[in-house]
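Student:
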Ligand code: MF3
Ligand code: CO
Ligand code: CO
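See below:
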């Protein structure tokens, strides 16, 4: 059975623009503040307080029992890291995944930050993940197919000698945090559901430096790590399909500190 993917109304699209813009602003604030010596709990506090100040709610909090307001995934943690006492140190990479619920609609975006000076391995996996998201988005337009997105990402990531996580995927988003369709970050061109203008979904490739297999922490049931212990990075945007292409609803109004500026600084 093909899944039914909502086509959002103009009113819903306007609401999504608002919640997505807030998530993007909160992620920018995290970039401004993040540094060595902070804990991941400190990031949670920044995200929680900024979200509430905007009159919004952090979608992760109590979502299927998730205990915090943001996901913070350090080094070999792939996704769904739970903020806590872990201190960020020079050379770490950390994905911060912000989801904002405002006036009934969710906006979802994440980025991986460099703490201090990255190792060559850290730069590699982070920059491959950043470009993987861009290449996936570039496939999006009315009439394209979901498999085109996955294929573009997988071809690039594997050509770079990295791997694409299979067990977690992008997703439709709107009044619910996770809706149809599932957006795989691997696959074959000319397969899968056809994209139509008015669909809204995330693309959020998780890229591992080593193999793609992952484990879920048996104690907390959330923290996902690479099975081989290799580094992992991720970027996520919420996008709207348009007739001629796409609109990045979580587009940032300026470059992201401790992420987008770093490789240029080092180059
Ligand atoms: N923000 C994640 C995503 O991109 C989902 C996190 S679920 C949570 O889909 F419960 F861990 F917050
Ligand atoms: Co998402
Ligand atoms: Co997310």
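Residue numbers (this note's numbering): 2 to 268. All C-beta atoms, glycine included, are put in the ideal place defined by N, C-alpha and C. Keep in mind that this is a model prediction, so the values were computed, not measured.
#1: Please report the straight-line C-alpha distance between residue 186 and residue 96, rounded to a whole angstrom.
#2: So residue 46 and residue 87 are in contact, right, with Cβ under 8 Å, and what is the actual spacing, rounded?
#3: Please work out which residues of its chain come closer than 7 Å, Cβ to Cβ, to residue 60, disregarding the five sequence neighbours upstream and downstream, and give them in chain order.
#4: Would you say the beta carbon of residue 168 is closer than 7 Å to some non-hydrogen atom of ligand 3?
#5: Kindly provide the ranges of any alpha helix (DSSP H) runs that are 4 or more residues long and lie completely inside the region 47 to 89, ordered along the chain.
#6: Going straight from the alpha carbon of residue 245 to that of residue 144, what length do you get?
#7: Looking at the structure shown, is residue 15 part of a helix, part of a strand, or coil, going by DSSP?
#8: My understanding is that residue 137 touches residue 154, with C-beta atoms under 8 Å, so please give their C-beta distance in whole angstroms.
#9: Does the region 189 to 208 come close enough to the region 233 to 243 to have 3 or more Cβ pairs within less than 8 Å?
#10: Grab me the residues of residue 25's own chain with a C-beta within less than 7 Å of its C-beta, minus the 5 sequence neighbours each way, in chain order.
#11: Terminal residues of the continuous beta strand (DSSP E) containing residue 112?
#12: Relative to ligand 1, is the shortest distance from any of its heavy atoms to the C-beta of residue 65 smaller than 7 Å?
#13: Can you name the residues that DSSP bridges to residue 216?
#14: Can you tell me where the alpha helix (DSSP H) with residue 136 in it begins and where it stops?
#15: For ligand 1, is there any heavy atom lying closer than 7 Å to the beta carbon of residue 72?
#16: What's the C-alpha gap between residue 53 and residue 85?
#17: Starting from residue 154, trace the alpha helix (DSSP H) both ways and give me its first and last residue.
#18: Identify whether residue 23 lies in helix, strand or coil by the three-state DSSP scheme.
#19: Measuring CA to CA, which of 75, 81, 73, 74 is closest to residue 65?
#20: Please check if any C-beta of chain C sits within less than 8 Å of the C-beta of residue 218.
#21: Where do the N-terminal and C-terminal ends of the alpha helix (DSSP H) with residue 263 fall, by residue?
#22: Let me know if residue 131 comes out buried or exposed under the rule of 16 or more other beta-carbons within 10 Å of its beta-carbon.
#23: Take the Cβ of residue 160 as the centre, count every other Cβ of all protein chains shown within 10 Å, and call the residue buried at 16 or more, exposed below.
#24: Which first and last residues belong to the beta strand (DSSP E) in which residue 235 is found?
#25: Residue 205: beta carbon under 7 Å from a heavy atom of ligand 1?
#26: Mark residue 70 as exposed unless 16 or more other C-beta atoms lie within 10 angstroms of its C-beta, in which case mark it buried.
Tutor: If we stick to the structure as given:
#1: By 1-based counting over the chain shown, the position of residue 186 is 185. By 1-based counting over the chain shown, the position of residue 96 is 95. Using only the alpha carbons, I get a separation of about 17 Å.
#2: Position 45 of the chain shown, counted from the first residue, corresponds to residue 46. Position 86 of the chain shown, counted from the first residue, corresponds to residue 87. Not quite, the Cβ-Cβ distance comes to about 14 Å (not below 8 Å), so this is no contact.
#3: To locate residue 60, count along the chain shown from 1; it is residue 59. So the qualifying residues of the chain are 100, 101, 102, 107, 178.
#4: In the chain shown, the residue the question calls residue 168 occupies position 167. Flag unset: Cβ of residue 168 not near ligand 3.
#5: For the region 47 to 89, not a single whole alpha helix (DSSP H) run of length 4 or above is found.
#6: For the purposes of this step, residue 245 is taken as residue 244 along the chain shown, with counting starting at 1. For the purposes of this step, residue 144 is taken as residue 143 along the chain shown, with counting starting at 1. Distance between the alpha carbons of residue 245 and residue 144: 9 Å.
#7: Within the chain shown, residue 15 is the residue found at index 14, counting from 1. If DSSP states are grouped into helix, strand and coil, residue 15 belongs with the helices.
#8: Counting from one through the chain shown, the residue named residue 137 turns up at place 136. Counting from one through the chain shown, the residue named residue 154 turns up at place 153. Yes, they are in contact, since the Cβ atoms of residue 137 and residue 154 sit about 5 Å apart, within 8 Å.
#9: Touching, yes, given that three or more Cβ pairs across the two stretches are closer than 8 Å.
#10: Against the chain shown, residue 25 aligns to sequence position 24. Cβ neighbours of residue 25 beyond the five flanking positions: 110, 251, 252, 253.
#11: Stepping through the chain shown from its first residue, residue 112 is reached at position 111. Annotation: the continuous beta strand (DSSP E) that includes residue 112 extends over 106 to 115.
#12: Numbered from 1 along the chain shown, position 64 holds the residue referred to as residue 65. Of the heavy atoms belonging to ligand 1, at least one sits nearer than 7 Å to the Cβ of residue 65.
#13: The residue given as residue 216 occupies position 215 in the chain shown. 226.
#14: The sequence position of residue 136 within the chain shown is 135, counting from 1. Its alpha helix (DSSP H) spans residues 121 to 139.
#15: Looking up residue 72 in the chain shown gives position 71. At least one heavy atom of ligand 1 is nearer than 7 Å to the Cβ of residue 72, so yes.
#16: Position 52 of the chain shown, counted from the first residue, corresponds to residue 53. Position 84 of the chain shown, counted from the first residue, corresponds to residue 85. The alpha-carbon of residue 53 is positioned some 20 Å away from that of residue 85.
#17: On the chain shown, position 153 is the one that residue 154 refers to. Membership of residue 154 in the alpha helix (DSSP H) is indicated by the continuous run 147 to 160.
#18: Along the chain shown, one-based indexing puts residue 23 at 22. In the displayed model, residue 23 falls within a helix according to three-state DSSP.
#19: Against the chain shown, residue 65 aligns to sequence position 64. Closest in C-alpha terms to residue 65, from the list 75, 81, 73, 74, comes 81.
#20: The structure shown contains no chain C, having only a single protein chain.
#21: Here the question's residue 263 lines up with position 262 in the chain shown. In the DSSP assignment, residue 263 falls within the alpha helix (DSSP H) that extends over 263 to 267.
#22: Against the chain shown, residue 131 aligns to sequence position 130. Of the other Cβ atoms in all chains shown, 16 or more fall within 10 Å of the Cβ of residue 131; this residue is therefore buried.
#23: What you label residue 160 is simply residue 159 of the chain shown in a count that begins at 1. Exposed: under 16 other Cβ atoms inside 10 Å.
#24: Position 234 of the chain shown, counted from the first residue, corresponds to residue 235. Run containing residue 235: 233 to 235, per the beta strand (DSSP E) assignment.
#25: For the purposes of this step, residue 205 is identified with residue 204 of the chain shown, where counting begins at 1. Annotation for residue 205 indicates a beta carbon within 7 Å of some heavy atom of ligand 1.
#26: In the chain shown, counting from the first residue as 1, residue 70 sits at position 69. By the 10 Å Cβ count, residue 70 comes out buried.
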